[in-house]
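Residue numbers for the sequence shown follow the UniProt record's numbering, beginning at 1 and rising by one.
We put the beta carbon where it would ideally sit given N, CA and C, even for glycine.
Being a predicted model, the structure only gives us computed values, none of them experimental.
Before any comments, here is the structure.
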Amino acid sequence: MGGPLTSSIASTPASNGRKPSMSSSTYIKGSDQQDCKNSKYQQRGPRTLMPTGTNIITPLHQRQQQLPKESTSLMCNPMVTFENLLHYHGLQVQHLFEIYYDSQLHRNQLEQSISILLQTLKSGNKLVILGCGKSHLIASKSVATLRSVGIPSAILHPTEAMHGDMGLIQLGDTLLVCSSGGETDEIIQFLKYAKSPLAPLPLQKATKIGVCGKPEATISLMCDSLILLPQKYSESEVQGGLKAPTLSTTSMLVVLDCLSISLSEMYYNGDLSLRSQIFNAAHPSGGIGRSRTSDIPRNPGITNTHHIGKLPRPLSELNVLQTIVLYDWIQWESHIIPSKLIQKLYAEWKSGDNLPETFPLEEFLDNHVKEHT
Numbered sequence: 001m002g003g004p005l006t007s008s009i010a011s012t013p014a015s016n017g018r019k020p021s022m023s024s025s026t027y028i029k030g031s032d033q034q035d036c037k038n039s040k041y042q043q044r045g046p047r048t049l050m051p052t053g054t055n056i057i058t059p060l061h062q063r064q065q066q067l068p069k070e071s072t073s074l075m076c077n078p079m080v081t082f083e084n085l086l087h088y089h090g091l092q093v094q095h096l097f098e099i100y101y102d103s104q105l106h107r108n109q110l111e112q113s114i115s116i117l118l119q120t121l122k123s124g125n126k127l128v129i130l131g132c133g134k135s136h137l138i139a140s141k142s143v144a145t146l147r148s149v150g151i152p153s154a155i156l157h158p159t160e161a162m163h164g165d166m167g168l169i170q171l172g173d174t175l176l177v178c179s180s181g182g183e184t185d186e187i188i189q190f191l192k193y194a195k196s197p198l199a200p201l202p203l204q205k206a207t208k209i210g211v212c213g214k215p216e217a218t219i220s221l222m223c224d225s226l227i228l229l230p231q232k233y234s235e236s237e238v239q240g241g242l243k244a245p246t247l248s249t250t251s252m253l254v255v256l257d258c259l260s261i262s263l264s265e266m267y268y269n270g271d272l273s274l275r276s277q278i279f280n281a282a283h284p285s286g287g288i289g290r291s292r293t294s295d296i297p298r299n300p301g302i303t304n305t306h307h308i309g310k311l312p313r314p315l316s317e318l319n320v321l322q323t324i325v326l327y328d329w330i331q332w333e334s335h336i337i338p339s340k341l342i343q344k345l346y347a348e349w350k351s352g353d354n355l356p357e358t359f360p361l362e363e364f365l366d367n368h369v370k371e372h373t
């Protein structure tokens, strides 16, 4: 679906005689309703609109009518919190998409990092991914993905590295140093030692690429290149003060997954058939192994399930809004671009910042789409 047009759903008192609105405070009847009204989670966050006719989930208020009364008070906050957090995770991924589309700084740093990684692999060396805590678990998953497509890689924990495991780093290897906050003590101590003349020569000479949330973080400043994970919201901001890493781990996992697949494409010089053969040979079991005979390599990009909407000239504002809601991809002249980019450009045009008062939407799209394609 296209860019999310959102709407806030206001709470309507049940006592006014009208049909209750779809707020969390009116989902529950009787005494349980007051519990929800007093909850700080009573307001739903904005939601992405589904296309007309889409009805894949029974509305929450209908599901709760089927529950025993004692169960409804337990369902009040958790369901709303669950849905809100899903929305925030979606917003965070969209934020990453917009940043890497818009920011030349982020794109340059990413391209530099990919170039370093590709050169390492083409030279017959490997990638060593370093992480601590949740980042170590994500790093392990990324190593598994890379190995499954035949890319030499290894996982390293900074604490174990300081107890001998740094010996797996060989001359010419590159380190991906993962830390969302960029202030992990164990990693900082490891990087300090890496600069010491006492450190093994392969570690001293290894290129370090930071995968961090902030360019000014300590670990970012200690690395040779960066892959940034800019975060739109903090966890405590959307989790009632709880700092458990969720949005940041989503960002790291998504970015490293995208990096792994795009890197594998370049590693095999665009030969997607060869990449698939290597992956299939390394993955004979499970559902993937059973289905591999029906796989047909195809060029990456727009899938058959994502229909393309066309923006014709002359362009109307209503036409733009309808198209970005109904389609995942938009054709503008000869360019096919993600609808979320059109949504973002429309928002910039609508706000009117740094634009003449009557600047045409068509001209605005013409100028900006060319910058992104």
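Where residue i falls: helix, strand or coil (DSSP)
| i | result |
| --- | --- |
| residue 360 | coil |
| residue 314 | coil |
| residue 102 | helix |
| residue 353 | coil |
| residue 78 | helix |
| residue 115 | helix |
| residue 367 | helix |
Residues that residue i bridges to, as DSSP identifies them
| i | result |
| --- | --- |
| residue 332 | 335 |
| residue 308 | 329 |
Run of the alpha helix (DSSP H) containing residue i, from where it starts to where it stops
| i | result |
| --- | --- |
| residue 275 | 272-281 |
Cutoff 8 angstroms; reference residue i; Cβ partners in own chain excluding five residues on either side
| i | result |
| --- | --- |
| residue 55 | Because the pLDDT of residue 55 is 47, which lies under 50, any placement of that residue in the model is unreliable, and the question is left without a value. |
| residue 244 | 235 |
| residue 183 | 217, 218, 219 |
| residue 314 | 362 |
| residue 266 | 114, 118 |
| residue 329 | 302, 306, 307, 308, 309, 336, 337, 338, 339 |
| residue 96 | 229, 230, 251, 254, 255 |
Neighbourhood of residue i by C-beta, 6 angstroms cutoff - its chain only, sequence neighbours within 5 removed
| i | result |
| --- | --- |
| residue 31 | Residue confidence is low: residue 31 scores 44 on pLDDT, short of 50, so the model does not pin down where it sits. No coordinate-derived value is stated. |
| residue 173 | 125, 126, 128, 206 |
| residue 208 | 175, 177, 223, 224 |
Cβ shell of residue i (< 7 angstroms), same chain only, five flanking positions each side left out
| i | result |
| --- | --- |
| residue 360 | none |
Uninterrupted beta strand (DSSP E) stretches inside the UniProt domain "SIS" (117-269) (no shorter than 3 residues): 127-131, 153-156, 174-179, 207-212, 225-228
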